[in-house]
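Input: a single structure, listed below in structure tokens.
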Amino acid sequence: MKTKVISIALAGNPNSGKSSLFNLLTGLNQKIANFPGVTVEKKSGKFLLANGDIAQLVDYPGAYSMHAITLDEQVFTKLIEDRTNQDYPDIICYVINAEHIERHLLLATQLQDLEIPTIIALSMSDIENLDDIKLNSLREMFRVPVIQISSRTGEGLEELKNEISKISEQILIGKYQQQKFLQNTNWLGKLEDLKLLDTLKITDNSYTNFLSLILFSNKNDGSSSASILKAQVWDTMLRYDQLQPLIKVLKSKDNVQDIKHGNLDRILVHPIWGMLIFTLIMLVVFQSIFSWSEKPIEFLENAFSYSADLLSNMLPSAWWSDMIINGVIPGLSGIIVFVPQIMFLFFFISILEETGYMSRVVYLFDFWMRKFGLNGRSTIALIAGGACAIPAIMSTRTISNWKERLITILVTPLISCSARLPVYSLLIVFIIPVGKIFGLLNYRGLAFFGIYVFSTLAALFAAWVFKKILKSNEPSQLMLELPNYKMPIIKNVAFNVWEKVRSFIVEAGKVIFVISVILWALTSYGPEERIQEALIKLEKEKINNTNEKMISTESSIRLENSYAGVMGHWIEPAIRPLGFDWKIGIALIASFAAREVFVGTVATIYSSHDDGENTEKLSVLLSKQINPNTGKKVFNIATSASLIMFYMFAMQCLSTVAVVKKETGSWKWPIIQLVIYTLLAYLASLLTYNLLAG
């Protein structure tokens, strides 16, 4: 018998437990992409059913209703309203948080009226286990399978898979039937009273009725907006009227756990204590990132050094072996060694999300964010920007106010992301000494924290400026559900960290590999006539100059007169006021594609043409570099601080530019960002260098 592939849409309200169930069902057999035409992240995965069929599961953005408000919700509703869509699901697995069932029932009734085969999965069954009376009431109301599951224990997982198998077999032979929720209500009579029958052009079939309503509602062309709103309100009220008997059965009294959560919220969302606790949490996070990653980083550095030595002894002397040893390995090691720090960053963000704390942060900051033209949901984008600006900008789709969303998109690239982390880690070494305050707080960890605080303040100031420039009369609002606090599911945290770190390594690795090869070629070859003239000049210097320390080496002469050296010297007049030499200039040019390339570039440039051992730590190697024009160290305090300021403001990420264009629908805003932030980076770097060097 031929194996079938069953398409399943995983749907539900935000904080319903969809992602946990998705990870439990698919494990590592999942992939990340974007939904067609939009930059909303699409998670899909496969798992095997009991009958041998393959289930293709897609985790859709959370939605409260088919009457979509945010762009995220529209991704789901536009798919469900279009049966011709190639991604239209065979089955919907609708996830309901068992702790707050009544809040999740509206969308369930709407999906039922669209006649899509549905299974209801009650998550959190390990915390809130429903008795038979409540379960039977749910089943009688919706006439669909209702299964209690726990993402922690795996309870109900096999039962869920079996129900999917049964429904898929019934669909195949055309025997599946699903009762409509509003089939016994006076739909047509009410719409006639609202004078919407002619507008919606509907018939007496409840599926067509409701589909016509949501199709008309989601046109977004401004037509009959008052009538649409009136119909949506009526539709919602009618559904809740029908649900009241069920809600009375399901609704339970506040329990001790709810009281504990309320007591916690009085502290964590308090305008003063909440802010102090959030600041303390962030301080601990950055201290831990720097302290915990020291040993893993040291291990990776030694591993790459050992690999370079081993290959140097094993491989024959040839251009390709030189490219691997002095180009690819230093380039990749320059970024891979900082993966532990990035891993810990994603780990802490995942923990905060899993516990339910992030939703409190949104609520806590909403009041203050409005003063800068932002929204409480902007906080999520700004915090997520500490990991990567791309998903952070994509997350703004949950902000319904156009002005607030645009400002959030414009300022998010100012937040120091994980791609800047390797740059900061490398440069802080030349500014901040090793040590701890009171034996607890790491100096360099505090410097990390200070950089992130400064970048956040810069983003807020930029937001305030944009607030004054951009005009809009659209009202600002925040609708938010605060999930119950819960212990993180370690498996979910591990999946999230693995997914993010793997993505970083793959994406950054591809770019760095290509750039490392190109840089090796540019630094290894150059105009032959120019190189020979420089070498002849070097021989004369050796004869006439008794100070050997002032005499350049042959390798440095070849580098300076290579194609990369020519490019570096060409831009040096523009960057010399910032404290940068032509070698740093090469790294700046290379890193315009992606910031993290800076570290790999300086690793390639300095290790390829150093006459000593190539196996030293990059920071040690760079600390020995001397500027021949000044006789001072290249990476001194002033230059290193100047570089940090440059990378703090410069929008050196082509992927971010692309996603801003996609989200705003125009090249206008990414170009404005690129120009303004590049100028700002130059001025900040110039000011910093002159203050510290003087």
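Note that the sequence shown covers residues 18 to 711 in this note's numbering.
Virtual Cβ for every residue (Gly too), placed ideally from N, Cα, C.
In this text, all values refer to a predicted model and were calculated from it rather than measured experimentally.
Check                                                                                                           : Outcome
At least three beta-carbon pairs within less than 8 angstroms, the segment 444 to 451 to the segment 459 to 477 : yes
Beta-carbon proximity check, residue 655 vs residue 709, cutoff 8 angstroms                                     : yes
Where residue 348 sits in the DSSP three-state scheme                                                           : helix
Cα-Cα separation between residue 591 and residue 375, rounded to whole angstroms                                : 43 angstroms
Pair within 8 angstroms by beta-carbon distance, residue 181 and residue 25                                     : yes
Among 379, 265, 313, 322, nearest to residue 357 - alpha-carbon criterion                                       : 313
Per-residue burial, residue 519 [other beta carbons within 10 Å of its own, 16 or more giving buried]           : exposed
Helix, strand or coil at residue 62 [DSSP, three-state]                                                         : strand
Simplified DSSP assignment, three categories, for residue 131                                                   : coil
Assigned secondary structure, residue 485 (DSSP; H/G/I helix, E/B strand, else coil)                            : helix
Rounded straight-line distance, which links the Cα of residue 156 to that of residue 162                        : 7 angstroms
Proximity winner among 411, 121, 64, relative to residue 677 (alpha-carbon distances)                           : 411
In DSSP terms, what residue 282 is bridged to                                                                   : Residue 282 is not bridged to any residue.
Separation of residue 420 from residue 30, as counted between CA atoms                                          : 25 angstroms
Within 8 angstroms, strictly: CB atoms of residue 721 and residue 78                                            : Nothing about residue 721 can be read from this structure; the chain reaches only from 18 to 711.
8 angstroms contact criterion, which residue 342 and residue 329 should meet: CB distance rounded               : 5 angstroms
Residue 416, DSSP secondary structure in three states                                                           : coil
Beta-carbon separation (whole angstroms), residue 471 vs residue 427, contact threshold 8 angstroms             : With a Cβ gap of about 18 angstroms, residue 471 and residue 427 do not count as contacting.
Any 3 or more C-beta pairs closer than 8 angstroms across the segment 424 to 439 and the segment 660 to 674     : yes
C-alpha gap between residue 509 and residue 380, whole angstroms                                                : 24 angstroms
Reduced DSSP category for residue 289 - H, G, I as helix; E, B as strand; rest coil                             : coil
DSSP bridge partner residues for residue 76 (one or two, in chain order)                                        : 27, 60
N- and C-terminal bounds of the alpha helix (DSSP H) containing residue 330                                     : 311 to 331
Proximal residues to residue 665 (C-beta, below 6 angstroms), its chain only, five neighbours per side dropped  : 472
CB of residue 603 within 8 angstroms of CB of residue 622, strictly                                             : yes
Cα-Cα separation between residue 201 and residue 256, rounded to whole angstroms                                : The predicted position of residue 201 is uncertain, since its pLDDT is 45 and thus under 50; a value taken from the coordinates is nonetheless stated next. Distance between the alpha carbons of residue 201 and residue 256 is about 12 angstroms.
Exposure of residue 465, with buried meaning 16 or more beta-carbon neighbours within 10 Å                      : buried
Start and end residues, alpha helix (DSSP H) containing residue 112                                             : Per DSSP, residue 112 belongs to no alpha helix (DSSP H); it is in the beta strand (DSSP E), 108 to 114.
Opening and closing residue of the beta strand (DSSP E) in which residue 165 lies                               : 163 to 165
Within the segment 579 to 607, ranges of the beta strand (DSSP E) (whole runs, at least 3 residues)             : none
Same chain, Cβ closer than 7 angstroms to residue 418, five either side skipped, listed in chain order          : 392, 491, 493
CB contact flag (residue 37, residue 121, <8 angstroms)                                                         : no
Residue 268 - containing alpha helix (DSSP H), residue span                                                     : Counting along the chain, residue 268 falls outside any alpha helix (DSSP H), and DSSP gives it neither H nor E.
Cβ shell of residue 406 (< 6 angstroms), same chain only, five flanking positions each side left out            : 429, 430, 434, 673
CB of residue 363 within 8 angstroms of CB of residue 401, strictly                                             : no
Whether residue 705 touches residue 659 by CB criterion (8 angstroms)                                           : yes
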